[in-house]
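Each protein sequence line maps, in turn, to chains C and D. Quick note: the first sequence uses this note's numbering, first residue 1, plus one each step. Quick note: the second sequence uses this note's numbering, first residue 1001, plus one each step. Ideal Cβ positions, reconstructed from N, Cα and C, are used throughout, including at glycine. Notes to accompany the following structure.
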Amino acid sequence: MSEEKTISKDEVQLVVFSIGAEEYGLEVSQVQEIIRLLPITRVPRAAAFIEGVINLRGNVIPVVNLHYRLGLDQRKDTDRTRIIVAEVQGMAVGLIVDQVLEVFYLSRSALEPPASAGSVNDVAFIKGIGKLHDRLILLLDLESLLYLNKAEAVS
Amino acid sequence: MDVSQYMDLFLAEAKEHLDSLNENLLALEKEPGDIKVLNEIFRSAHTLKGMAATMGFEGITELTHEMESALMLFKEGKVAVTPEVVDVLFRCLDTLDMMIENITEQGEQSYNYQPLIEDLRKLDKMRGGQPPAYPQEGVQQGEARQEQPMEFNEFDISVMHAAAKSRYSSYYIKIGLAPGTVMKSVRAFMVFRALEEYGQIIKCQPPAQDLEEEKFDDSFEVVFLTQEPAEKILQSLEKIAEVSVLSLQSIDADRLGEDDSNRAETAQPEKTAMPEKSAGQAAVEHDSAGGAAFRTVRVDIGRLDNLMNLVGELVINKTRLEQIGLTHRITDLLEAIEQMGRLTTDLQNLVMKVRMVPIKQVFNRFPRMVRDLARELNKEVQFIMEGQDTELDRTVIDEIGDPLVHLIRNALDHGIEQPDERIKAGKEKTALLRLAARHDGNNVIIMVEDDGRGIDIEKIRRKAVEKGLLTGKEGEYADEGEILKLIFQPGFSTAEVVTDLSGRGVGMDVVKSKIESLNGNISIETKKNVGTKVIISLPLTLAIIQALLVGIGGEQYAIPLSSIDETTFILPEQIKTVKNQEVMLLRGTVLPLLRLDRLLDIPTGNKSNGELFVVVVRKGERRVGLVVDLLVGQQEIVIKSLGQLLTGIRGIAGATILGNGQVSLILDVNSLV
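Okay, here's the thing in C-alpha cells:
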C-alpha cells in the first residue's frame, strides 16, 4: 500500500510528535489513532520499557514508555501528553509521547539513513532522519523498538 | 466465474458433508438394510460432487463421482455392505478429507487417488455385471419424480364416484413452488383461486389450514374435480409466477373403489418397490431439515469476540453512567440505567450463548475412530455416545479433541481385552465403551468409560517404588487414589513398562496438563476386571471466570476462584519464619506464605500494622497462602489476552477490564507459586 504511494508521490506522510526536546515521526499508515492518556495498569515482570496496559475500547493493549526506551529524561505527564496507537505486525501498541505536533508529507529525497546523524543511543530504533527546513525528524523503527525483529530471529 | 470468495464456505460445507458421510457410513455398516441412511450418504456425496465441480476441483469431483457409482451398487442391491467394502469407502473419505485439507489459494493439489478408483471399480466387478448406467443427476431426478401417495378415505372416493357420474373427472395435481419463494401462502391461494374457476377442490395435502400458515415445504397436492380438459387447467396454473405443476394425473375413481387399496393408482404411475418409496420419505424429511438449515448463519469466531468486547464496553459505560447518576442524584437517569443494566445482562448472556457449540462437533469423529481401531486390534467394541448436544464454549471445543482421542485410544488399546480373554473372564464378548457429556452447574462433565480389565493398582505401586517415585514405605502406605495420581506424572507415563502392565499412562501427563490449561480437572476411577472411568470436568467457557479481586498497594489483581481454597486473615506478628520462609499456622498445619507485593514488585508505601489477608491457593497437592492488603470481592470477569508483546510472563495469566474501565491483571497461580 505504502509502496504505491511512494511510487506515485515520492513522499511519505508522517505523524510528527515530540518526546523531550526531540521530534519524532511515524508513517501515517502505521498509526491507528491518537488518544489522550488513559489510566495505565502496570504489568509486573514485563520489560522495563513497557509502562503497562490500557483498555482501548475493550481491548487490552500494551503501552511503551518512549522516554525510557529512547534513553531520555523521565516523562512528565501534561495536558498534551498523548498515546499514539500504532499497528505493528498486526498488533496494536500504544506509544506515550509528550505532544503530537502535526501531520505532513515529506519528500523521500529529504529522508536520510540514520547512520549520518543522531546520537548513538537512538540509532537502533531509528529508520531514517527527515529534514524539513531546519528541523530534524527522527523516523521511529517500531519493529526494533519492540524487539520484534529479535523475537522473529529466535523463533 | 470467480469462485475464490466462496472458498471458505466450500471448505466448511465440504467438511460437514464428509462428517455426515463418515457418520452415515458407520450407521450403514451396522444396519446394511437401512435405505434411508444410504440415501443420506448418496445425498451428501452428490452435494459434495456438485460443490467441488462448481469450484473446479476436478480430483474431488472425480473421486466422489466414482464413490457414487459404487454406492449405486448398494442401492441396487448388487453388492452387499460388508466391512471390506465399507473400508474402501472410508479410505475414499480419508483421501477426500486430505484433498480438501490441502486445497490452497492456488487450488487443488494433485493427488494420486487412482488406486482407490481401481478399488471402487473392483466393487463393481464383484457383481460381475455392467457398470451402472444411471443418469448423473440420478438422485435428484429420482426425488423429483417421487410422489407422495395420497390417502383417500371412503368419503373422498364416494365424492369422486359421484363426480364421475356427472361427468366430472378427478385429477391429482402436485404443485411445486420455486425454491426460496416468499409468501408461499399467497401462491397457494392463487393456485386455489385459479383452480376454483374451473371446478372444485375436494382435498388438499397438507390441509388448507397448514397452507395458509405456510407449514409446508416447496410443494402441495390437491384432488380436483372438473369438466374442463387437463391442458386448460395446466395452462392457467403455469401462468402463476413461481408456481409449477409437478404432476397432473387423472384418477380413475372406479378402480379406486374396486381394489379398495385407497390409493390413486394412476396418480402413481411408477409405483415401485418399497425401497424407492422410503427414498421418497427420506427426501421429504431432508427437505424439512434443509429448511431449518437455512435459518442458521455461519459467523467467524473473531466477530463474536468483537461483539463480546463491545458488550463489555457497554457494561463499563453503563457503570460510568451509574456513577454520574449517583453523583448528581438524578433519579430518572438511575431508573433508565437500571433498565439498561437488565438489557446489557441479557445481551451478555446471549453473546455467551452464541459462542457455545454442541460437543457433537468433537464427538462426531469418534465412532469412526473406534471402529477402525477395534478392527485393527481385533477387538469387539460397542461404542456408546451420550449427551452430544451438551454445549461448550467454542474455544474449549477446539482444545478438548486431542485429549479425548488419547483417552479413547488408551481405553481401546489397553483397557479393553481381546474377545477370548473377555469370555475367559466371564464377560460379554463385546466390550462397552461409553463417551458421555453432561452439564453440571457451571461445568461440563465428560466421561470415558470402559468395561475392560481396569488398572492394576498393585503393579503401578511396585513400578513406582522401583522407579523411585515412591519410597518403599510410601509405596506400602499410599492409598489407591494416590497411586492412581501417579499415572499423571510425566516421568511415569513414558516408561514402556506401564504400557505392558495396564496401559493408561502413555501421555496421560499431556492429557492432564491440557485439561488443566483449560481450567479443568481430570480424575480416574478404576476397578480390576470391571473397568475404568476417566472423568473430565471443564468450565463452560474460558472467556468468563469467577475471580476474587484483591488489592495490594495501589493495585488490583484477580485470582481465579478455581484455584482458591479459602481466605483468612492474620496479624503481622503471627507470621513465623521457618528456614527463611514465612509461614503461618492454619488450623494446626503449617502454611507457607508468599507476599504478593514482593513477588510482583508492587510499591507499597507506609506499611500499616493492621491485619493482613491471606488467600489460600492450591497448586496440585501444595497449598500456599498469598498475602494481600485487601479482599475487594468476588466477581465474574472476562478474560482478555495481554497480546504478543506480553506473553509468557510468569504469574500472569491475562487481563480483565473492571467495571470502572480499568485493566486488572489475572494471576496465574500455577506459575506464580
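Considering residue i, what are the terminal residues of the alpha helix (DSSP H) in which it resides?
{"i": "Gln99 (chain C)", "result": "Note, Gln99 (chain C): premise wrong, no alpha helix (DSSP H); beta strand (DSSP E) at Gln99 to Ser107."}
{"i": "Glu1476 (chain D)", "result": "Gly1472 to Tyr1477"}
{"i": "Tyr68 (chain C)", "result": "Leu66 to Arg69"}
{"i": "Ile1100 (chain D)", "result": "Pro1083 to Glu1101"}
{"i": "Ile1060 (chain D)", "result": "Glu1058 to Lys1075"}
{"i": "Ile1460 (chain D)", "result": "Ile1457 to Glu1466"}
{"i": "Gln1707 (chain D)", "result": "Beyond the ends of chain D as shown, which are 1001 and 1673, falls residue 1707 (chain D); an answer cannot be given."}
{"i": "Ile1602 (chain D)", "result": "Segment: none, Ile1602 (chain D) is in no alpha helix (DSSP H) and carries neither H nor E."}
{"i": "Ser144 (chain C)", "result": "Leu142 to Leu145"}
{"i": "Asn1660 (chain D)", "result": "Counting along the chain, Asn1660 (chain D) falls outside any alpha helix (DSSP H), and DSSP gives it neither H nor E."}
{"i": "Gln1323 (chain D)", "result": "Ile1301 to His1328"}
Counting C-beta neighbours from all protein chains within 10 Å, is the total for residue i 16 or more, i.e. buried, or is it exposed?
{"i": "Phe1155 (chain D)", "result": "exposed"}
{"i": "Ile1324 (chain D)", "result": "exposed"}
{"i": "Asn1349 (chain D)", "result": "exposed"}
{"i": "Met1183 (chain D)", "result": "exposed"}
{"i": "Met1274 (chain D)", "result": "Confidence at Met1274 (chain D) is low in this model, with a pLDDT of 39, below 50, so the placement of that residue should be treated as unreliable; the coordinate-derived value is given next. Per the 10 Å Cβ criterion, exposed."}
{"i": "Ser1250 (chain D)", "result": "exposed"}
{"i": "Ala1293 (chain D)", "result": "With a pLDDT of 46 at Ala1293 (chain D), under the threshold of 50, the modelled position of this residue cannot be trusted; read the value that follows with caution. Per the 10 Å Cβ criterion, exposed."}
{"i": "Leu1071 (chain D)", "result": "buried"}
{"i": "Met1308 (chain D)", "result": "buried"}
{"i": "Gly157 (chain C)", "result": "Since the first residue shown for chain C is 1 and the last is 155, residue 157 (chain C) is missing from the structure and cannot be characterised."}
{"i": "Tyr147 (chain C)", "result": "exposed"}
{"i": "Gly1654 (chain D)", "result": "buried"}
{"i": "Arg1622 (chain D)", "result": "exposed"}
{"i": "Val16 (chain C)", "result": "buried"}
{"i": "Gln1574 (chain D)", "result": "exposed"}
{"i": "Phe1569 (chain D)", "result": "exposed"}
{"i": "Arg1371 (chain D)", "result": "buried"}
{"i": "Gln1209 (chain D)", "result": "exposed"}
{"i": "Pro1229 (chain D)", "result": "exposed"}
{"i": "Ile1423 (chain D)", "result": "exposed"}
{"i": "Arg1394 (chain D)", "result": "buried"}
{"i": "Leu1392 (chain D)", "result": "buried"}
{"i": "Ile40 (chain C)", "result": "buried"}
{"i": "Ile1301 (chain D)", "result": "exposed"}
{"i": "Pro1083 (chain D)", "result": "exposed"}
How far does the beta strand (DSSP E) with residue i in it reach, from first residue to last?
{"i": "Pro1403 (chain D)", "result": "Taken as a continuous stretch (DSSP letters only), Pro1403 (chain D) belongs to no beta strand (DSSP E), being part of the alpha helix (DSSP H) at Arg1394 to Asn1410."}
{"i": "Ala1547 (chain D)", "result": "Ile1544 to Ile1552"}
{"i": "His1439 (chain D)", "result": "Ala1431 to Asp1440"}
{"i": "Ala1655 (chain D)", "result": "Ile1652 to Ile1657"}
{"i": "Leu1246 (chain D)", "result": "Val1243 to Ile1251"}
{"i": "Asp1450 (chain D)", "result": "Asn1443 to Asp1450"}
{"i": "Val1583 (chain D)", "result": "Gln1581 to Leu1586"}
Below 8 Å on C-beta distance, what does residue i contact in chain D?
{"i": "Asn59 (chain C)", "result": "Asn1309 and Lys1640"}
{"i": "Arg45 (chain C)", "result": "Leu1600, Asp1601, Ile1649, Arg1650, Gly1651 and Ile1652"}
{"i": "Leu146 (chain C)", "result": "Leu1645"}
{"i": "Ile50 (chain C)", "result": "Leu1645 and Leu1646"}
Closer than 8 Å by beta-carbon distance: list the chain C residues that pair up with residue i, in chain order.
{"i": "Ala1655 (chain D)", "result": "Thr41, Val53 and Val60"}
{"i": "Glu1555 (chain D)", "result": "Thr41 and Arg42"}
{"i": "Glu1313 (chain D)", "result": "Arg57 and Gly58"}
For residue i, which residues in chain C fall below 9 Å Cβ to Cβ?
{"i": "Gly1059 (chain D)", "result": "Per Cβ cutoff of 9 Å: no residues; Gly1059 (chain D) is ~34 Å from chain C at best."}
{"i": "Gly1643 (chain D)", "result": "Val53, Asn59, Val60, Ile61, Pro62, Met91, Ala92 and Val93"}
{"i": "Gly1659 (chain D)", "result": "Within 9 Å Cβ-Cβ: nothing; Gly1659 (chain D) doesn't reach chain C, min ~11 Å."}
Pull up the DSSP beta-bridge partners for residue i, would you.
{"i": "Phe17 (chain C)", "result": "C:Tyr24 and C:Val100"}
{"i": "Ala1336 (chain D)", "result": "Ala1336 (chain D) is not bridged to any residue."}
{"i": "Glu1573 (chain D)", "result": "None; Glu1573 (chain D) has no bridge partner."}
{"i": "Phe1383 (chain D)", "result": "D:Leu1433"}
{"i": "Arg1618 (chain D)", "result": "D:Arg1623"}
{"i": "Ala1053 (chain D)", "result": "Note: Ala1053 (chain D) sits in no beta bridge, so no partner."}
{"i": "Leu968 (chain D)", "result": "Residue 968 (chain D) lies beyond the range of chain D shown here (1001 to 1673); nothing can be said about it."}
Can you list the residues of chain C that residue i reaches, using a CB-CB cut of under 7 Å?
{"i": "Leu1635 (chain D)", "result": "Per the sequence shown, the amino acid found at residue 1635 (chain D) is Gln instead of Leu. By Cβ distance, chain C contributes nothing, its closest Cβ being about 16 Å from Gln1635 (chain D), past 7 Å."}
{"i": "Val1663 (chain D)", "result": "Thr41, Val53, Ile54, Asn55 and Val60"}
Residue ranges of each beta strand (DSSP E) run of no fewer than 3 residues wholly in the segment 1156-1236 of chain D, ordered along the chain? 1169-1177, 1199-1205 and 1219-1226
At 3 residues or longer, and completely inside the segment 41-89 of chain C: list those beta strand (DSSP E) runs for me, N to C. 50-56, 59-65 and 82-88
Alpha helix (DSSP H) segments (min. 4 residues) lying fully within the segment 1005-1035 of chain D: 1007-1030
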